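**Student:** Structure incoming, see below.
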Amino acid sequence: MATNEEQESYSKKDFMSDQMIRWCPGCGDYAILSQVQTVFADLGIPKEKFAVISGIGCSSRFPYYMNTYGFHTIHGRAPAFATGLKLANPDLSVWMITGDGDSLSIGGNHFIHILRRNVDIQLLLFNNRIYGLTKGQYSPTSEVGKKTKSTPMGSIDHPFEPCAVALGADASFVARTVDIFVKDQRAVLKEAADHRGTSFVEIFQNCNIFNDGAFEDLTDRKVRDEAVVFVKHQEPLVFGGKAGPKKGLKLNAQLQVEVVELNEDGDTDGILVHDETNPVLANLLARMRPPFPVAMGVIFRVQRPTYDAGVVQQLEAAQKVPSAGDLTKAIYGGNTWVVE
Amino acid sequence: MRTNVETVDNVVIRFAGDSGDGMQLTGTQFTNTSAIQGNDLATFPDFPAEIRAPAGTVAGVSGFQLHFSSKDIRTPGDEPNILIAMNPAALKANIDALKTGGTVIVNTDKFTDRDLEKADYESNPLEDGSLEGYQVVEVELSTLTKRSVEDLGLGAKESDRCKNFFALGMTYWLYNRDMSITQDWIKGKFKAPYDQANLNALQAGWNFADTMELFHSSYEVPPAQLEPGTYKNITGNAALALGLLTAAKLSGRQLFQGAYPITPASDVLHHLSKYKDFGVVTFQAEDEIAAICASIGAAFGGSIAVTTTSGPGVALKGEALGLAVITELPLVLVDIQRGGPSTGLPTKTEQSDLNIALYGRHGECPNPVIAAATPSDCFDAALEAVRVAVKYRMPVVLLTDGYLGNGAEPWRLPELDQLEPIDCNLSTPDDAEGFQPYNRDPETLARNWAIPGTKGLEHRIGGLEKEEGTGNVSYDPQNHEYMSNLRQSKVDKVVADVPDVEVYGDSDGVGLISWGSTYGAVRTAVDAARAAGLKAGHVHLRWLNPLPANLEAIIRGFSNTAVAEMNLGQLYRYLRAEYLLELESITKIQGQPFKSSELIAEIKKLS
C-alpha cells in the first residue's frame, strides 16, 4: 500500500459520496458506514488508492456511498473480483463488504479461498442473521428454530459461526465487533487495515425491519458487561461489572472454557491470557455463545505470506532475465524454418 | 541402402495405442520433424477423457493423426494411408478409418489371447482374414525394443516404454524423415539411461525397417511451396496464448488470465503461466465463476483481462459476463468448445456453443462473438478479440474448439513491427474536471476507462442499471430502455471492424458457409468439387456477431446455400432468422471434424 508523499489530510466528509443512502432508517449499516469513512480518513492513504468491492445484499450497496473507487459486483463473488483487482493493482487498499448470505451461502467457496490465499484486503462481513434485501428469509447464520417467511415452523438449518469458518479456512486475521459499539468497531477496523493479508471482520449488525434485536441479548446496555468479553493480546480474559472486571475465563482439565468469579482484589492469577497467535484459543473464543460471554476484538492474528505479494515476487524474479518480455523471442524462438 | 523411393504429394499417418503408450508424443515428434522438413501439415490428436482407461481396452485408445504434404493442405486428412496399431484395441478402434489398401503396422507381441479378449476380439484379426485388403506389417515391437535397450540395465516395464520410439524409427525410415530433430529432443528431455534407451529404440526401429524389407518401397514427401516467411509448427492453444500475450504487449498493459483447469482449455493456462517475464498474471481460481470474476476485477484495475474455458465453464460464467456487459469493461472470454451438453465429450471437438456465446445470458445482454478458423489463426483471432474489447469497452467471446486447440499446423510468423498498437485510451488525472464514468466516445460509444489509483477519477460501477453519463444507479424506465439499446448499438458498431466476406470459388453456384474449425474441410471440399466440374463457392465467417455487412447479398447470389457446422444447425437457424432466407443445413455431431469427402457428397447433392 503506497502512501502519498505529499500527504493530503482527509476528513470523514471526503469519503462521503453524493448518493442518497437508501438503507432503511435505523439500519445498523449506517453506523458501520460512518466508522469506515472515519477510519479511511485516518489511514494516511490517498483517496484514489481505496477500492471498495461488494457482492449483493443490503450491505453490498456500501460502495455507492463511499467517495472512492467502488464496484458493486454479483452475489457471493466479491472475493474473486477483489482478488483480481488486487493482483492487477497491488498498490490499492482494497476493502470488501459482504453479508452473511453473500459470503456464507452463495459465496461460501470464494470466501474460504480468499482467506486461504491470504490476499491482502479487508473483508468486512455484516452479519444480521437474515436475508434483508429479499425481505426476510433465514440465512446461514440464523439460529435453529428461527421463524421467518421461508421457515414458518422454524429453521431446521444448523448455522455457521462465521469466525470459526474463517479460522477453519486458515484466515490470518479474525476479529469481531458490533455495529453500535462504535469505538470498539473503529479500533478493530484500524487493526484490520494495518494487517497484511485478508483481515476478516465479522460485524454484528441489526436489521430493524426483518430481524430487529438480533443481538440485543449481547448489546443492550443492561446486559452488555456480562454478555461480551473484549479480548486483547496478552491481557487476561476478564469481563463483567461496571466499575471493573468481576469475572474471568479459565481453561479446565477437559480443555473447556469456564467462567470464574474474580476475588475482591480483581486478582487475575490463573485467568486465561489472550494470545492472538494461538489458533486453539482462537477457536474456543470464536465459538463462545451465551451463557459464555461472546468474544469481541481481534481473536486471531498471525503473519503469513500474502498471495498478492507472492505473485509480485514471482513476476519480479522472472523479469530479472535479460530477455524478459522479449516478444520476438517468444514468437520466433523454438524450432522454426524459413521458406524463401 | 534404399532401392525404391517413391515420391508422393501427401501422406496421412495415424499412430494409435493405449493412453500410456506415448502416442501423442510420438505423433508430435513426427509432426515437428515434418514441419522442419518443410511440409505443410495438419494434425488431429484424438484421445479419451480418462487419463489411463483400463490398458488394452478400446476405451483407452489414444490416437494421433497427421497429414503432411508437399501441397497446401487444410485438414488432417479423411483416411490414413498408414496406421500404427500398438495393440488389438488400437487396431479395432482405427482399422475402419484406414484407406483401402493402406498399410497397418501391428505390434504382434500384444496379440496374445488375453490382449484380444480385452479388445473384445472373438478371433485374432491377424489370422482370421478380416484384414484382407490392407497391407499388414507384423512386427514384434515389444521384443525388438527390449533387445535394443538390453545393455542399459532397464527393468522390463521401462524397456517396454521405449517401444513408441521404435515405431517412430520405423516410420521415419518409411517416409525418409530426418531423425536428428527427435534425437536432439530426446537428449534434452530424458535423463540417463532413458535418453540412451529411447535413442537406441529409435535407431533400432529405423534399422529394422531398413534391413528387413518390410515395405516394398519407402516414400518421399518433398517440402511444400509455402508463402515465403519464417515458420513454426503450432497448436491452436499455443497460438492463442501468444496472441493474447502479443495483444497485451501492443496495449502496454498487463495481461491477466483467470482460469480454472478444464479440458481442452487448460493448455492455454499452462502456456501463459510461462510468460511471467512479460508480467503476465495467471490466476488459477477456485472455480469457473471466480476465474471470470477475478478477470473482471482485473479489467476494472486496468489489465487486459481474459478468462479461458470450455463447455460447462461457459455456462458457469454467464452471470459474470452480464456484469461485464452492463459495467462496459473490456474482457475476452475464450471458449475452447468441446462435445456437450453437460460433461459430454470432454476431449472431442464440437461447435455447439455458438448459441450460448450469442445468447447465453439473462436480460438483453449482447456481446461480439469471433471464431478462429485454424490453429495458427487462433493467434490473429485473439489479437482481434482484445482489440475490439478494448476499443468498445465490452466483453468479446472468442470461440475455438478442441480440434483447433490441440491440432497443429505450420504458422507463418507475423512481422511484429507491422502489428498496430492497441490504444487503451485510459482516462488520466487531467480528465478530472467534470469526469463521468459513463461518458462515451461518440464514434465507438466506448465509455471512459478510469482505473483505480488515478487521482480525481474516483467512481462507482456495478450491476444495477446505470444512468447514462453519471453511471449512478438508475431505475428510470426511459433510461433503462436507452441503455439497453445503447449496449446493442455498441455491438452493432463493431461491424466497422468486420471486413466484408469474400466468396472463394464460384459466387453463383452452390454456396457453403462455414465458421470456426470447419474452414479447412469446407475449403478442401469446394476445391475438390470445382475440380470435378461443379460450381461451388465458400464463405467463411470469422465474426459471428456482428455479421459482415455484405453477407446477405453474397448468400442471395448463390443458387442455393448450405451451412456446414459441427452441431445441430445453430448458425443455420441464426442466419435464417437474421435474413429470412431459405438455407440448407449440413451437420455432424460425432466429436470428429468433417471429412472433406462428406462435404463433397453434400455439394453434389445440392448441385
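Residue numbers (this note's numbering), protein chains in the order written: chain D, 1 to 340; chain H, 1001 to 1607. The beta-carbon is built from N, C-alpha and C at its ideal position, and this holds for glycine as well. Everything numeric in this text was worked out from a predicted model, so none of it was measured.
1) Here's a check: name, in chain order, each residue in its chain whose Cβ is nearer than 6 Å to the Cβ of K1538 of chain H, leaving out the five neighbours to either side.
2) Count the other CB atoms within 10 Å of the CB of G1153 of chain H; is the residue buried (16 or more) or exposed (fewer)?
3) Curious, which full-length alpha helix (DSSP H) runs of at least 4 residues does the segment 1003 to 1047 of chain H contain?
4) Assign V1005 of chain H to buried or exposed, taking buried as 16 or more other Cβ atoms, counted over all protein chains shown, within 10 Å of its Cβ.
5) In this structure, does DSSP put L1214 of chain H in helix, strand or coil?
6) Could you check whether the Cβ of I1296 of chain H sits closer than 8 Å to any Cβ belonging to chain D?
7) For the beta strand (DSSP E) containing T1100 of chain H, name the first residue and the last one.
8) Assuming M96 of chain D is part of the beta strand (DSSP E), what are its boundary residues?
9) Name the chain H residues whose beta carbon is nearer than 8 Å to that of P63 of chain D?
10) For Y30 of chain D and D14 of chain D, I'd like the C-alpha separation in whole angstroms.
11) Runs of 3 residues minimum, wholly inside the segment 1216 to 1265 of chain H: which ones carry the beta strand (DSSP E) assignment?
12) Among residues of its own chain, excluding the 5 on either side of I106 of chain D, which ones have a beta-carbon nearer than 7 Å to its beta-carbon?
13) Which one or two residues does DSSP pair with D1401 of chain H in a beta bridge?
14) Verify the CB distance criterion: does Q319 of chain D have a CB-CB separation below 8 Å to chain H?
15) Report yes or no: do three or more beta-carbon pairs, one from the segment 155 to 162 of chain D and one from the segment 66 to 74 of chain D, lie closer than 8 Å?
16) Does DSSP classify Y1121 of chain H as helix, strand or coil?
17) For my contact list, V165 of chain D and D308 of chain D are in at a C-beta cut-off of 8 Å; report their separation, rounded to the angstrom.
18) Return no unless some Cβ of chain D is closer than 8 Å to the Cβ of A1290 of chain H.
19) Using only CA atoms, which one of H:E1220, H:H1271 and H:T1182 lies nearest to Q1203 of chain H?
20) Alpha carbon to alpha carbon, how far is Q137 of chain D from Y131 of chain D?
21) Output needed for T1145 of chain H: all residues of its chain with C-beta closer than 6 Å, excluding positions within five of it in sequence on either side, in chain order.
22) Report the neighbours of F181 of chain D on chain H: residues whose CB is nearer than 9 Å to its CB, in chain order.
23) When you compare the CB positions of S1295 of chain H and T1263 of chain H, do they come within less than 8 Å of one another, or not?
24) Using beta-carbon positions only, say whether T973 of chain H and G1402 of chain H come within less than 8 Å of one another.
25) Buried or exposed for N4 of chain D, please, with buried defined as at least 16 other CB atoms from any protein chain shown within 10 angstroms of its CB.
26) Strictly under 8 Å for the Cβ-Cβ distance: is F1594 of chain H near chain D by that measure?
27) For chain H, check one thing: does any of its Cβ atoms lie closer than 8 Å to the Cβ of G26 of chain D?
28) Pick out the complete alpha helix (DSSP H) segments inside the segment 1517 to 1591 of chain H, 4 residues or longer, and give them in chain order.
29) How many angstroms separate the CA atom of I1603 of chain H from the CA atom of I1095 of chain H?
30) Hey, would you say L1399 of chain H sits closer than 8 Å to D1335 of chain H, going by beta carbons?
31) Can you tell me whether DSSP reads G333 of chain D as helix, strand or coil?
32) Does T306 of chain D have its Cβ less than 8 Å from a Cβ in chain H?
33) Do H233 of chain D and H195 of chain D come within 8 Å of each other at the CB atom, strictly closer than that value?
34) Would you grab the beta carbon distance between L1544 of chain H and V1369 of chain H for me? Rounded to a whole angstrom, and I think it's under 8 Å.
35) Put T141 of chain D into one of helix, strand or coil per three-state DSSP.
36) What is the residue span of the alpha helix (DSSP H) that P290 of chain D lies within?
**Tutor:** In short, the structure shows the following:
1) Locating residue 1538 of chain H in the second sequence gives position 538, counting from the first residue. What sits at residue 1538 of chain H in the sequence shown is His, not Lys. Excluding sequence neighbours, H1538 of chain H sits near Y1504, G1505, L1512, V1522, R1523 and V1526.
2) Locating residue 1153 of chain H in the second sequence gives position 153, counting from the first residue. Classification of G1153 of chain H: exposed, given that the 10 Å Cβ count is below 16.
3) 1023 to 1036
4) As a first step, residue 1005 of chain H is located in the second sequence; it is residue number 5 there, counting from the start. Looking at its Cβ environment, which holds fewer than 16 other Cβ atoms inside 10 Å, V1005 of chain H is exposed.
5) As a working mapping, residue 1214 of chain H is identified with position 214 in the second sequence. DSSP places L1214 of chain H in coil when its eight states are reduced to three.
6) Within the second sequence, numbered from 1, the residue matching residue 1296 of chain H stands at position 296. Closer than 8 Å: yes.
7) Here residue 1100 of chain H refers to the residue found at position 100 of the second sequence. Careful: T1100 of chain H lies outside any beta strand (DSSP E) and carries neither H nor E.
8) Along the first sequence, one-based indexing puts residue 96 of chain D at 96. Note, M96 of chain D: beta strand (DSSP E), S93 to G99.
9) As a working note, residue 63 of chain D is residue 63 in the first sequence. Under the 8 Å cutoff, chain H gives R1460 and G1462.
10) Your numbering for residue 30 of chain D matches position 30 in the first sequence. Your numbering for residue 14 of chain D matches position 14 in the first sequence. Computed Cα separation, rounded: 17 Å.
11) 1218 to 1220, 1229 to 1235 and 1255 to 1259
12) Numbered from 1 along the first sequence, position 106 holds the residue referred to as residue 106 of chain D. These residues qualify, in order along the chain: H75 and G76.
13) Taking the first residue of the second sequence as position 1, residue 1401 of chain H is located at position 401. Paired residue(s): H:Q1337.
14) For the purposes of this step, residue 319 of chain D is taken as residue 319 along the first sequence, with counting starting at 1. Cβ-Cβ to chain H under 8 Å: yes for Q319 of chain D.
15) no
16) Position 121 of the second sequence, counted from the first residue, corresponds to residue 1121 of chain H. Y1121 of chain H: coil per DSSP, three-state reduction.
17) Residue numbering aside, residue 165 of chain D sits at position 165 when the first sequence is read from its first letter. Residue numbering aside, residue 308 of chain D sits at position 308 when the first sequence is read from its first letter. Contact doesn't hold; Cβ gap of about 22 Å is too wide.
18) Position 290 of the second sequence, counting from 1, holds the residue named residue 1290 of chain H. So, interface residue.
19) Taking the second sequence and counting its residues from 1, the one referred to as residue 1203 of chain H is at position 203. For Q1203 of chain H, the nearest C-alpha among the options comes from H:T1182.
20) The residue you call residue 137 of chain D lines up with position 137 of the first sequence. The residue you call residue 131 of chain D lines up with position 131 of the first sequence. Each residue's Cα considered, the two are about 5 Å apart.
21) Here residue 1145 of chain H refers to the residue found at position 145 when the second sequence is read from its first residue. Cβ within range, chain order: C1162, K1163, F1166 and A1201.
22) Along the first sequence, one-based indexing puts residue 181 of chain D at 181. None at all; the shortest Cβ gap to chain H is about 28 Å.
23) Sequence index remark: in the second sequence, residue 1295 of chain H carries index 295 (1-based). Sequence index remark: in the second sequence, residue 1263 of chain H carries index 263 (1-based). The answer is no: Cβ separation not under 8 Å.
24) Past the edges of chain H, shown from 1001 to 1607, lies residue 973 of chain H, and the structure says nothing about it.
25) As a first step, residue 4 of chain D is located in the first sequence; it is residue number 4 there, counting from the start. For N4 of chain D, the pLDDT reaches just 47, beneath the cut-off of 50, and the residue's location in the model is therefore unreliable, leaving the point undetermined.
26) Translated into the one-based positions of the second sequence, residue 1594 of chain H becomes position 594. Closer than 8 Å: no.
27) Counting from 1 along the first sequence, the entry for residue 26 of chain D is found at position 26. By this cut-off, G26 of chain D is not an interface position.
28) 1519 to 1531, 1551 to 1557 and 1570 to 1579
29) Here residue 1603 of chain H refers to the residue found at position 603 of the second sequence. Here residue 1095 of chain H refers to the residue found at position 95 of the second sequence. Using only the alpha carbons, I get a separation of about 27 Å.
30) Translated into the one-based positions of the second sequence, residue 1399 of chain H becomes position 399. Translated into the one-based positions of the second sequence, residue 1335 of chain H becomes position 335. Cβ atoms of L1399 of chain H and D1335 of chain H: closer than 8 Å.
31) Walking along the first sequence from the start, residue 333 of chain D turns up at place 333. Correct three-state label for G333 of chain D: coil.
32) Walking along the first sequence from the start, residue 306 of chain D turns up at place 306. So, not an interface residue.
33) Locating residue 195 of chain D in the first sequence gives position 195, where the first residue counts as 1. Locating residue 233 of chain D in the first sequence gives position 233, where the first residue counts as 1. Contact: no.
34) Residue mapping note: residue 1544 of chain H aligns to position 544 of the second sequence, counting from 1. Residue mapping note: residue 1369 of chain H aligns to position 369 of the second sequence, counting from 1. About 4 Å; that satisfies the 8 Å criterion.
35) Taking the first sequence and counting its residues from 1, the one referred to as residue 141 of chain D is at position 141. In the structure shown, T141 of chain D sits in coil (DSSP, three-state: anything other than H, G, I, E or B).
36) Along the first sequence, one-based indexing puts residue 290 of chain D at 290. No alpha helix (DSSP H) contains P290 of chain D, which DSSP labels as neither H nor E.
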